[in-house]
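Each protein sequence line maps, in turn, to chains R and B.
All letters in the first sequence, in the order written, are residues 1 to 255 by my numbering.
All letters in the second sequence, in the order written, are residues 256 to 533 by my numbering.
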Amino acid sequence: MLRDLALEIESRPDDSATGWLRVTPQLADAGGTLDPGALAILVDVLGGGLSIRAVLPDWAATADLALQLLGTEVAPGDTVRADARVVRRGRTTLVTEVDLRRTSDDTTLGWGSMTFSVLPRRADTLEWNRDDGPGQVTRTSFGADGPHRTRPLVDAVGATVSERGVVVLPYTEYVRNSFGAVQGGVVAMLGAIAGRSALGGARVLDLHVAYLAQARTGPLVARADVVGPGAATARIVDTGAGDRLTTVVHVGSAA
Amino acid sequence: MTFAVPPDGLAVNQFLRMARVEHPGDDAPVLEGRAPIDDNVRSDDGRGMRTGVVLALVDSLGGFTAGLAVLPRWIVSTSIHLQVARVDHVGPLRLDVAVLRRGNVSAVTSVAVCDEGAGDAHVAHGIVTCAALEPDQPKVFQRPIRIDALPAPADPEPLESFFGIAPLGGDDDPRTTTLRLDDRLRNPWGILHGGATSVLLDVAAVRAAQLARDGVNATATDAVVHFLSPVRIGPVEARCTVVGDRPDGRLVRVAVHDTGNRDRLCVLGSVVVTGTRG
Chain R
1 MLRDLALEIE SRPDDSATGW LRVTPQLADA GGTLDPGALA ILVDVLGGGL SIRAVLPDWA
61 ATADLALQLL GTEVAPGDTV RADARVVRRG RTTLVTEVDL RRTSDDTTLG WGSMTFSVLP
121 RRADTLEWNR DDGPGQVTRT SFGADGPHRT RPLVDAVGAT VSERGVVVLP YTEYVRNSFG
181 AVQGGVVAML GAIAGRSALG GARVLDLHVA YLAQARTGPL VARADVVGPG AATARIVDTG
241 AGDRLTTVVH VGSAA
Chain B
256 MTFAVPPDGL AVNQFLRMAR VEHPGDDAPV LEGRAPIDDN VRSDDGRGMR TGVVLALVDS
316 LGGFTAGLAV LPRWIVSTSI HLQVARVDHV GPLRLDVAVL RRGNVSAVTS VAVCDEGAGD
376 AHVAHGIVTC AALEPDQPKV FQRPIRIDAL PAPADPEPLE SFFGIAPLGG DDDPRTTTLR
436 LDDRLRNPWG ILHGGATSVL LDVAAVRAAQ LARDGVNATA TDAVVHFLSP VRIGPVEARC
496 TVVGDRPDGR LVRVAVHDTG NRDRLCVLGS VVVTGTRG
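What follows is the structure, encoded as structure tokens:
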């Protein structure tokens, strides 16, 4: 998935990082605007890498993610730039903030923040293959020859709206992260799709995501209920794990 | 550190006047809160409870419930997501809390806020994440919990006065708002009460958004709060940056610093400020 998105990430030794997402028509949501789920994936990947580098040799997992957008359009051919930095590194948690901009004219797109849980190193903890030395800047390109997207992102991840406010996502290799669970940004995207569906197609501006448990079995089912004008809450369960509640997503729209 | 007023958080809880009742639950605690909308907690246009106060109630009851869920340990709030659906309220407001997750190092609660005076209309929904800590003294509560609201004071203190909130440089600098850390604003850990921070975020963001003008009222709505480090000394400064305009208002980033503790960044958050015609 990351290769298809052709993300580029630059990591720096001062606990900051920048990510770029080139926008194509395949990243549009059902309303034809840049899917906030794509931004959630960018932000989660950027923040996740930043947090892991900050806590090595331990590991980190996303605990919550908040994305607040201004509703600014980003046309295909333009690029979204996300600048992230660690604002707190504690013993058990780490907090980052992210500024989102449109690179063509440096217009602000929104602001995000994330909390990561620090996971003490165990025998089965992944190794972070770092080929950078202390004090170096590292640049990583997922998909060096550009985006490989031929299908809309929603179709590529396999999410389908089964009825109003209900979205189903199969568990596949395509959406897995380093833990073997569904990638956090994809889970946020699932909530956004369900919320948008429940809100009658209104444009999503806000995602508040609380990650309660990892989804490792699937399919995932997100059910969103409208709770007020322009506001919906999506609960995401892992149906292959006894309908375990994995995530709660507050979705806010331009009502 | 000694305090002129014992830091039990009672003063802030007295100000908020929220009653708490525990209901039977299968495993995790189930709490209900109820708070009147006194004049001193209303928004500037008087339409309903100020969002900063709603946020304070969510933090208070959501955190309290999380604490009960991890006993004999206790908790400190680490982040709150608040989504506001309505700013017009009749009152009282009722809060219903459910535990979403409790683990070894954290607990997460969901807080639904409704307006009992308006047929239980949905007002807001909060997610409160807390870190579990080992207290010096284990907390003991008589269960089920029942804490009645204190009677309304005869002469309720205005909100900004109670919380020691004031602009830093007057109207010339709307971006910075201060809070004087009075001992009565401390919680049982001896640090600034989360409710005080919540109110400060609201007041500071509304000032910084500069949406209020003739015929237009400015109201804080959705909020994201990360408690990064305890506020211990003060004075406190909330430094705001306007991120940009959106269809429902203005997004403001708020960074709260403890100027008496090496200007430490203690709280980071964002608030959406909406302007509506009165």
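Ideal placement from N, C-alpha and C gives every residue a C-beta, glycine not left out.
With a threshold of 8 angstroms between beta carbons, R:Gln68 makes contact with chain B. Restricting attention to beta strand (DSSP E) runs no shorter than 3 residues, the region 48-98 of chain R encloses them at 59-69, 79-89, ordered along the chain. The alpha-carbon separation between R:Thr172 and R:Val209 amounts to approximately 21 angstroms.
Note on R:Tyr211: 16 or more other CB atoms within 10 angstroms of its CB, so buried under the neighbour-count rule. In the assembly as shown, R:Arg53 is a buried residue. Its beta-carbon has 16 or more other beta-carbons within 10 Å. Residues of chain R with a Cβ closer than 7 angstroms to the Cβ of B:Gly499 are, in chain order, Leu70, Thr108. DSSP, reduced to helix, strand and coil, places B:Val480 within a strand of the structure shown. With distances taken between CA atoms, R:Leu2 lies nearest to R:Val43 out of R:Thr33, R:Asp29, R:Leu34, R:Val43. Proximity of chain R to B:His512 at the Cβ level (cut-off 8 angstroms) is not reached, the minimal Cβ distance being about 12 angstroms. By the beta-carbon neighbour count (other beta carbons within 10 angstroms, threshold 16), B:Gln392 is exposed.
Collapsing the DSSP output to three states places B:Val486 in coil. Non-local beta-carbon contacts of R:Gly230 in its own chain, meaning distances under 8 angstroms to residues more than five positions away in sequence, involve Leu199, Ala202, Gly252, Ser253, Ala254, Ala255 in chain order. Using a Cβ-Cβ cut-off of 8 angstroms, B:Ile420 does not count as an interface residue toward chain R, since no Cβ of chain R sits closer than that to its own. Between B:Val509 and B:Leu447, the gap from beta carbon to beta carbon reaches 8 angstroms or more.
Between B:Asp314 and R:Leu70 a beta carbon distance of about 27 angstroms is seen, past the 8 angstroms cut, so the two are scored as non-contacting.
Close partners of B:Val509 in chain R (Cβ separation under 8 angstroms) are lacking, with about 11 angstroms as the shortest Cβ gap. Excluding sequence positions up to five before and after R:Ser197, its CB lies within less than 6 angstroms of the CB of Val161, Arg164, Gly165, all in the same chain and listed in chain order. Scanning chain B for C-beta atoms nearer than 7 angstroms to the C-beta of R:Gly228 yields Ala340, Arg341, His377, reported in chain order.
Around R:Ser113, the same chain offers Ala66, Glu97 as residues with beta carbons nearer than 6 angstroms, after the five sequence neighbours per side are excluded. Check the Cα spacing between R:Thr79 and each of R:Asp58, R:Ser178, R:Pro25: the tightest is with R:Pro25. Beyond the five residues adjoining it in sequence on each side, R:Ala222 comes within less than 6 angstroms, by CB distance, of Val167, Leu190, Gly191, Ala194, Ala234, Ile236 in the same chain, given in chain order.
Against chain R, a Cβ distance below 7 angstroms from B:His380 picks out Val227, Thr233, His250. Annotation for B:Asp457: the continuous alpha helix (DSSP H) segment containing it runs 449-464. Following the DSSP letters along the chain, one finds R:Val154 in no beta strand (DSSP E) but inside the alpha helix (DSSP H) bounded by residues 153-157. Counting only the Cα atoms, R:Phe142 lies some 43 angstroms from B:Val309.
For B:Ser453, no chain R residue has a C-beta closer than 9 angstroms to its own C-beta; the minimum C-beta separation is roughly 16 angstroms. Look at R:Val226 here: in three-state DSSP terms it is strand. The closest CA to that of B:Phe482, considering only B:Leu405, B:Pro502, B:Thr384, B:Gly489, is found on B:Thr384. In the three-state scheme derived from DSSP, where H, G and I count as helix and E and B as strand, R:Leu39 is classed as helix.
The beta carbon of R:Ala181 sits closer than 7 angstroms to those of Gln214, Ala215, Arg216, all from its chain and outside the five residues before and after it, given in chain order.
Looking at R:Gly228, R:Val249, R:Ala241, the one whose alpha-carbon comes closest to that of R:Gly185 is R:Val249. Look at the region 78-91 of chain R: the residues with a C-beta under 7 angstroms from a C-beta of chain B are Val87, Arg88. Looking at the DSSP output, R:Ile236 shares a beta bridge with R:Ala222, R:Thr247. Contact between B:Ala475 and B:Ser525 does not hold, since the beta-carbon distance rounds to 11 angstroms and is not under 8 angstroms.
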